[in-house]
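In UniProt numbering, the protein residues as written are 1 to 241.
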């Protein structure tokens, strides 16, 4: 019995087994990240769990990558610097700041705008195929925020070349007597779901996502944008090894 147990443990820890749970392009992802090359010298099991619990920065530090522990699906967060933010280069409207609880070196802080537009896109080939994803806007609101309590923003997620998806209208900072649509994350930031999409096998297309408020010119300030996170929507059976 002890020999059987030892044999099973050896199989469960083998590189060949854990290689199957890593993305096919994991070497390319790690090689083009800010992580040390020694990460690739880990056993495949240790590498898998490292990528689950310790996200790495890719795309010149503008995107964050990790794996979902239960199934090995890819997560990405598109950092604020990789998003298209209207007037972000105008110092009177936006500023770049550093926060200790962000994995990115800079996040965007809104100083004053009338109309708000934040857009981004990611190639579907970057994500796990045959997977349902949801996009989440990850943000904070400072104490002296203004302009988000009664004016809704519109959230939209769609795949390039397809019919527009459902546009969601949400209030980022609702009064206390209204349902809170944003949820607090384990890292202390807030997130709000923007929409869902299914990633099939259309490698040449992109998924596009946006947040906008362009119906009035009411001043807005105090929004801090960390990024937009794309992660699998539904859990699947756990890896039990």
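The beta carbon of each residue, even a glycine, is placed where N, CA and C say it ideally should be.
Run the CB neighbour count on residue i, radius 10 Å, all protein chains shown included, and call it buried at 16 or more, exposed below.
{"i": "residue 173", "result": "buried"}
{"i": "residue 40", "result": "exposed"}
{"i": "residue 210", "result": "buried"}
{"i": "residue 31", "result": "exposed"}
{"i": "residue 28", "result": "exposed"}
{"i": "residue 113", "result": "buried"}
{"i": "residue 65", "result": "buried"}
{"i": "residue 35", "result": "buried"}
{"i": "residue 33", "result": "buried"}
Would you kindly report the start and end of the unbroken alpha helix (DSSP H) that includes residue i?
{"i": "residue 47", "result": "44-53"}
{"i": "residue 19", "result": "15-19"}
{"i": "residue 171", "result": "Segment: none, residue 171 is in no alpha helix (DSSP H) and carries neither H nor E."}
{"i": "residue 31", "result": "26-31"}
From residue i to residue j, what does the alpha carbon distance come to, in whole angstroms?
{"i": "residue 16", "j": "residue 219", "result": "57 angstroms"}
{"i": "residue 119", "j": "residue 79", "result": "11 angstroms"}
{"i": "residue 227", "j": "residue 19", "result": "30 angstroms"}
{"i": "residue 63", "j": "residue 13", "result": "30 angstroms"}
{"i": "residue 208", "j": "residue 135", "result": "10 angstroms"}
{"i": "residue 102", "j": "residue 53", "result": "15 angstroms"}
{"i": "residue 191", "j": "residue 38", "result": "33 angstroms"}
{"i": "residue 57", "j": "residue 105", "result": "10 angstroms"}
{"i": "residue 75", "j": "residue 43", "result": "21 angstroms"}
{"i": "residue 87", "j": "residue 224", "result": "14 angstroms"}
{"i": "residue 26", "j": "residue 151", "result": "42 angstroms"}
{"i": "residue 96", "j": "residue 108", "result": "5 angstroms"}
{"i": "residue 149", "j": "residue 181", "result": "12 angstroms"}
{"i": "residue 59", "j": "residue 84", "result": "15 angstroms"}
{"i": "residue 179", "j": "residue 94", "result": "29 angstroms"}
{"i": "residue 89", "j": "residue 100", "result": "23 angstroms"}
{"i": "residue 146", "j": "residue 98", "result": "21 angstroms"}
{"i": "residue 144", "j": "residue 175", "result": "15 angstroms"}
{"i": "residue 45", "j": "residue 206", "result": "31 angstroms"}
{"i": "residue 236", "j": "residue 217", "result": "Reliability of the predicted coordinates at residue 236 is poor, the pLDDT of 45 falling under 50, and the value obtained from them is presented with this limitation in mind. Those two C-alpha atoms are separated by around 44 angstroms."}
{"i": "residue 21", "j": "residue 73", "result": "9 angstroms"}
Between which two residues does the beta strand (DSSP E) carrying residue i extend?
{"i": "residue 158", "result": "153-159"}
{"i": "residue 197", "result": "190-199"}
{"i": "residue 144", "result": "131-146"}
{"i": "residue 120", "result": "116-123"}
{"i": "residue 40", "result": "Per DSSP, residue 40 belongs to no beta strand (DSSP E) and is neither H nor E."}
{"i": "residue 225", "result": "221-232"}
{"i": "residue 79", "result": "74-79"}
{"i": "residue 87", "result": "Neither: residue 87 is in no beta strand (DSSP E) and is coded neither H nor E."}
{"i": "residue 212", "result": "206-213"}
{"i": "residue 108", "result": "107-110"}
{"i": "residue 67", "result": "63-67"}
{"i": "residue 57", "result": "56-58"}
Heavy atom of the ligand ZN less than 8 angstroms from the Cβ of residue i, yes or no?
{"i": "residue 126", "result": "No copy of the ligand ZN appears in this structure; indeed no ligand is present at all."}
For residue i, which option in the options has the closest C-alpha, if you only look at C-alpha atoms?
{"i": "residue 23", "options": "36, 51, 14", "result": "51"}
{"i": "residue 204", "options": "147, 105, 126", "result": "126"}
{"i": "residue 122", "options": "46, 179, 221, 157", "result": "157"}
{"i": "residue 221", "options": "128, 200, 140", "result": "140"}
{"i": "residue 213", "options": "153, 143, 178", "result": "153"}
{"i": "residue 82", "options": "61, 115, 100, 155", "result": "61"}
{"i": "residue 231", "options": "215, 137, 201", "result": "137"}
{"i": "residue 189", "options": "49, 34, 142, 206", "result": "142"}
{"i": "residue 229", "options": "132, 77, 155, 147", "result": "77"}
{"i": "residue 233", "options": "131, 169, 217", "result": "131"}
{"i": "residue 215", "options": "115, 35, 170", "result": "115"}
{"i": "residue 171", "options": "33, 55, 155, 124", "result": "155"}
{"i": "residue 129", "options": "48, 201, 49", "result": "201"}
Query raised in the report: Any chance the stretch 189-200 sits against the stretch 160-177, with 3 or more Cβ pairs inside 8 angstroms?
Result: yes
Report task. Answer yes if the stretch 54-72 comes into contact with the stretch 183-193, meaning at least three C-beta pairs across the two stretches below 8 angstroms, and no otherwise. Result -> no
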